[in-house]
Every structure is written in C-alpha cells, then in structure tokens.
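Colleague:
Numbering (the working numbering), first residue to last: 9 to 265.
So, in structure tokens, the structure goes:
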C-alpha cells in the first residue's frame, strides 16, 4: 500500500493514513487501501482493537482536488460505482468486528469528518476542527448523512450538514460527534491507554456482538429489536468468552482476555 500503513503492537492494530502532503485527502486509491487495511484487521488474530490515525497536520481533508476534478468527467454509472466504493468503506468501519478508535491529530473535514463519524470512539486534539463542507461547493454529504443521523439525530445533523460550518473539537464533543478532547502532547498516550483498557479488560467477542447489535437494531421495530436481542442474548450465553467469563467470576478470578 502506498498511502496507508498497517502495524500491530500489543494487540492493537494501527491503520495510518500516510499522505500528509495532500492532507490525507481521499481518492479512489486511498479508499481502496483503507478497505484493504480494515479487512486485514478484521481477520488478524493478533489484533483485538483498531486505531485509525494519520500523519501530518490534518487527519483528513476530505476528497482530493484532482479527484473532484475527475468526478466531473465521469458518467452517472462511474460516479455511482465510486460512491459505492466510499459507502462500502464507511459501512465496513461501522460494522467492523473490532472496536475502531479514531486518533484525530488535526482537522477532519467533509469525508475526513465522515471517517471520524463511523468510528466507535474518537480522541481529538484541542485545535482540530470538524465539519461537513460539501454544501459550500455544491456537493451533498449523502453517504455520511445516514450514519450521522444515527449518531446525532436530525436536529444536530441538520445543523452540521446544512450549514457547512466548521466547529471546534470542544463543540464537536459537546454535540456528541467525538468522545474526548485532549492536549496535543497527550493524544498518543490517551489513545494507547484507552486501547489497552479495552484489550485487557473486555471480551473481544462481547464487544463484537454488542457493536453489531447496535448497528442492526436501530432499523428494526421495537418488537423486532427485542426479538433480535433475546436471540443474541441466548447465543451470547453459549459463547466461549461467556463461559470463560462466568467461570472466572464464580471462582473470584479475573478472566484473561
């Protein structure tokens, strides 16, 4: 891969955007490499948690300028295929079998803000800005809208998507777009400490099932959601991790995850 790095340390996989000269902007190749990296993380037995990070001053500035120029020449079918390409990446992260933590060291704009939106947790430095600026260039934040509505609700989603305004990291946290704001020199240690906590204290199987249920039940009726929850509850009780965890609890031991 040319623009994405993949490493694993202490059971934490780090997927690193490495296109700092272009502010880690997205194009077809970057999206392809991100999909490849997340697929690798999904099946990597050495990785229990995933961190999405980036090199340089910006986390991700959205679509690459040359890429946007090319899209103007595409046919509808070509643009549809390209849109599906990005949709698949966002869905892949949102439904990934492992917890994904965004480590945001700089601005996350448009598609870059979309990447942060679909991660399960997010840490950002104080100076980072967030926003969906698509409406300011005559474009629409179509794909991320589906995830943002789930995350923030209609009112806050409209505030961000229709205004096109950039907001501070603190405002993003208060809105619920990201989870934590930290000082720049504390970002690495904060993310590493949180990832270690998930690795050591939580069942990977339980986190996977819980994350997948959260993604599914929101599109179900109350009755369907409860039926699905009861079924998953029964399956969860029979899982290896549940058997191991209950045994450790009854024996007053700490399970080794």
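For every residue, glycine included, the Cβ atom is placed at its ideal position computed from N, Cα and C. All of these numbers come straight from a predicted model, not from anything done at the bench.
Given a threshold of 16 other Cβ atoms within 10 Å of its Cβ, counted over all protein chains shown, does residue 22 qualify as buried or as exposed?
Modeller: Buried, by the Cβ-count rule.
Colleague: Quickly, what does DSSP pair residue 25 with across the bridge? List them, please.
Modeller: Looking at the DSSP assignment, residue 25 forms a beta bridge with 12 and 62.
Colleague: Between residue 35 and the rest of its own chain, which residues show a CB-CB distance below 8 Å, the 5 nearest in sequence each way excluded?
Modeller: Excluding positions up to five away in sequence, the list reads 71, 72, 74 and 75.
Colleague: When you compare each of 129, 253 and 83 to residue 210 by their alpha carbons, which one comes out closest?
Modeller: Among 129, 253 and 83, the Cα nearest to that of residue 210 is on 253.
Colleague: Judging by CA-CA distance, which residue of 171, 9, 142 and 133 is the nearest neighbour of residue 199?
Modeller: That would be 133, whose Cα lies nearest to the Cα of residue 199.
Colleague: Taking only beta-carbon positions, decide if residue 151 is within less than 7 Å of chain B.
Modeller: Here there is only one protein chain, and chain B is not present.
Colleague: Taking the alpha-carbon positions, what's the residue 185 to residue 160 distance?
Modeller: The alpha-carbon atoms of residue 185 and residue 160 are separated by roughly 7 Å.
Colleague: What residue does the beta strand (DSSP E) around residue 44 start on, and which one ends it?
Modeller: Residue 44 -> not in any beta strand (DSSP E); alpha helix (DSSP H) instead, spanning 36 to 51.
Colleague: Buried or exposed: where does residue 32 fall if 16 or more other Cβ atoms within 10 Å of its Cβ makes it buried?
Modeller: Buried, since its Cβ has 16 or more Cβ neighbours within 10 Å.
Colleague: Measuring only the C-alpha atoms, how far is residue 103 from residue 236?
Modeller: So the alpha carbons of these two residues sit roughly 17 Å apart.
Colleague: Considering only the beta carbon of each residue, do residue 48 and residue 14 sit closer than 7 Å?
Modeller: In this structure, residue 14 lies closer than 7 Å to residue 48 by Cβ.
Colleague: For the alpha helix (DSSP H) containing residue 132, list its first residue and its last residue.
Modeller: No alpha helix (DSSP H) holds residue 132; the beta strand (DSSP E) holding it covers 129 to 133.
Colleague: Ignoring anything shorter than 4 residues, give me the alpha helix (DSSP H) runs that lie fully in the region 138 to 183, in order along the chain.
Modeller: List check, alpha helix (DSSP H) in window: 150 to 160, 162 to 171 and 177 to 183.
Colleague: Where does the unbroken alpha helix (DSSP H) through residue 81 begin, and where does it stop?
Modeller: Per DSSP, residue 81 belongs to no alpha helix (DSSP H) and is neither H nor E.
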